[in-house]
Each structure stands twice: as C-alpha cells, then as structure tokens.
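Residues in the sequence shown are numbered consecutively from 4, following the numbering used here. We put the CB at the ideal spot given by N, CA and C, even for glycine. The structure appears right after this line, and notes come after that.
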Amino acid sequence: MTSTPTILVLDSGLGGLTVFREIVRARPDAAYTYVADDVFFPYGHHSEEEIIGRVVPLIGELIAAHTPDVAVIACNTISTLVMAHLRAAYTVPFVGTVPAIKPACASSRTKRVSVLGTKGTVRREYTQGLIRDFAQGCDVTLVGAANLASLAEAALNGEAISDAAITAEIAPCFVDGPARTDTVVMACTHYPLLLDRLVALAPWEVTWIDPAPAIARRTADLMSKVSASHPPAPAQFIYTSGAAPSPTLARALAPYFGQPAFA
Ligand code: DGL
Numbered sequence: 004m005t006s007t008p009t010i011l012v013l014d015s016g017l018g019g020l021t022v023f024r025e026i027v028r029a030r031p032d033a034a035y036t037y038v039a040d041d042v043f044f045p046y047g048h049h050s051e052e053e054i055i056g057r058v059v060p061l062i063g064e065l066i067a068a069h070t071p072d073v074a075v076i077a078c079n080t081i082s083t084l085v086m087a088h089l090r091a092a093y094t095v096p097f098v099g100t101v102p103a104i105k106p107a108c109a110s111s112r113t114k115r116v117s118v119l120g121t122k123g124t125v126r127r128e129y130t131q132g133l134i135r136d137f138a139q140g141c142d143v144t145l146v147g148a149a150n151l152a153s154l155a156e157a158a159l160n161g162e163a164i165s166d167a168a169i170t171a172e173i174a175p176c177f178v179d180g181p182a183r184t185d186t187v188v189m190a191c192t193h194y195p196l197l198l199d200r201l202v203a204l205a206p207w208e209v210t211w212i213d214p215a216p217a218i219a220r221r222t223a224d225l226m227s228k229v230s231a232s233h234p235p236a237p238a239q240f241i242y243t244s245g246a247a248p249s250p251t252l253a254r255a256l257a258p259y260f261g262q263p264a265f266a
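Structure below.
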C-alpha cells in the first residue's frame, strides 16, 4: 500500500505529546493531527458517563474530518473507560494508553509498585483488573493525583511550578518499610512532561515507567503495510476550543513534533 499514513492522536490536553513524540520517532513519514480537548480538560475530574458522552461523538467528528488510518487515544483517563465503546462505534483501528502495571510489576525487585494517575484512572474497574491479573505478587499502591496534570500543562505553558506543589502530589507513591517502593507507573500521559522534576523531587530513587515507547511500537506495527508516497504535510495541532497556542507554548511544542513546523 502506498499513501501517506495518517495518524490522529487525542488527549485531554498536552500530555498526549509524550506519546505523540514517540510515534513521530517511529513513523516520521506519517501525517499527524494532534487534538487537545481543552474544552473538557481535565478529564480526571469528570464522571465516567460524562467522559463516554464526550469522547465517543468527538472521535466520530475527528474521524470524519481527518480520515485517519489509526487513532491513538493518548490518555489513560479515557482509554481505561472508552476503548470498547469506540471500537463498537467506528471501524478505524484504535490504540489506547493504559497503566503499565504488567511490566512494572515484572521488573520490580522490592515487589512494591505505585501507580500514579488521575483520580479517574485509579478508580476504574479496568485498572483494578490489571492489578488482579498482572500484579505478580507485588503490593500495588494506587495514587490519584488531583492536580498533577494541570501542573504539567502550566509548566509547558511557561508558568513556574513550585517543588512543594509537585511533592504534595507524588508523596503517597513512596511507601517506606522493609520493602520500599522501587517502581512508579506514570499512568497519566501528562506526567512524563515533568519527569526531570519527578526524578529530582523523589525521596529516593525509583524507576519511572512511561508506556509511550510501547504505544508507538504498537501504532507503527498497525501501520507497517502503509508506506508514504510523498513527504507529509506539517503536523496539525488542534485545540477543541479553537484557541491558538501562545508563542511560549508554540516554542515548547516544537521539539515534540520532531518536524520543522506545525500548522
Ligand atoms: N493525560 C490524561 C491521562 O493520561 C489525563 C489528564 C486529565 O485529567 O485530563 O490520564
């Protein structure tokens, strides 16, 4: 097959950029549309019914407008809830982003793992199921962070974020004792935006698990038979509000796009 592969990436905001960046590395020849649903951000504060009611029709509109070959849901808060609804409603292949509990528990030496996500993601039955199926004898601590995604958005927009604000969100991940936490799953795509700060503020060294490379591999596999026939147009960045990124944000976005420009 030769036609430029088209990939749609959706998140509530800027967190999906951490997934997007890896997909662009895996398929630099694809055409991209990145959609940040800023109208509804933060998803972690909405009920399950509200999220399903928002995302299913939104994805339908985005598929109609952009005709992607694959749609990546770069958000745990959405993916732990909506993937079955999306697959039932649309024929486009979907790739979701869910907490990387299986690899985290497989590699933990102390057998004490924390899952840091939005309040919605840690409440989900889907997440409980991953723990039941894949904890492999580990003690798993679920930590619902109320504000960390918003802090990551603010940081990327150039605002100064205090150490105390970040520390307050991540502190419950660190369980001390004879077996102390050695692995933290970043179960929200916004958190790798703050990875340097998370590493610096951790009370002891842990492995921070980011699922983005695995999601990029899965997306590239789905696209393996589609080869680009001509160079892609610049990636599009869309806020559902219709807002344009500020000049500060535009500068911050450039490295994530890995392409010379975005529209
Ligand atoms: N980036 C999203 C996630 O992975 C959530 C942020 C939000 O609450 O909107 O869970």
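- Residue pairing of I10 in beta bridges, as defined by DSSP: Y35, V73.
- Here DSSP, grouped into helix, strand and coil, assigns G161 to coil.
- The closest CA to that of L256, considering only V143, R220, L196, L154, is found on L196.
- Here the alpha carbon of D14 sits roughly 27 Å from the alpha carbon of R135.
- Distances between the C-beta of N79 and the heavy atoms of the ligand DGL include at least one below 6 Å.
- Proximity of the beta carbon of A238 to the ligand DGL is not indicated: no heavy atom of the ligand is located closer than 6 Å.
- By the neighbour-count definition (other C-beta atoms within 10 Å, threshold 16), R254 is an exposed residue.
- Here A182 has T113, K114, R115 as same chain residues with Cβ atoms under 7 Å from its own Cβ, once five neighbours each way along the sequence are excluded.
- A direct Cα-to-Cα measurement between A223 and A155 gives close to 27 Å.
- Check the Cα spacing between S153 and each of F260, D213, A109, L17: the tightest is with L17.
- In this chain, the beta strand (DSSP E) harbouring L119 covers 115-121.
- For V146, the enclosing beta strand (DSSP E) has its first and last residue at 142-148.
- Assignment of M189 by DSSP, reduced to helix, strand and coil, places it in the strand class.
- Between C191 and T121, the C-beta gap is smaller than 7 Å, which places the two residues in contact.
- Of the other Cβ atoms in all chains shown, 16 or more fall within 10 Å of the Cβ of S82; this residue is therefore buried.
- Taking C-beta separations shorter than 8 Å and ignoring five residues to either side along the sequence, the partners of L133 in its chain run V101, P102, I104, K105, following chain order.
- Leaving aside the five residues that flank A231 on each side, the residues in its chain whose CB is nearer than 6 Å to its CB run, in chain order, T7, D32.
- By the 16-neighbour rule on beta-carbons within 10 angstroms, A219 is buried.
- T80 sits in a helix when the DSSP states are folded into three classes.
- A238 sits in a strand when the DSSP states are folded into three classes.
- Not one heavy atom of the ligand DGL is found less than 6 Å from the C-beta of H69.
- Between the ligand DGL and F44, a heavy atom-to-CB distance of less than 6 Å is present.
- Between the stretch 206-220 and the stretch 26-40, the count of C-beta pairs closer than 8 Å reaches three or more; the two stretches touch.
- Nearest to M189 by alpha-carbon distance, out of A215, C141, L159, A168, is A215.
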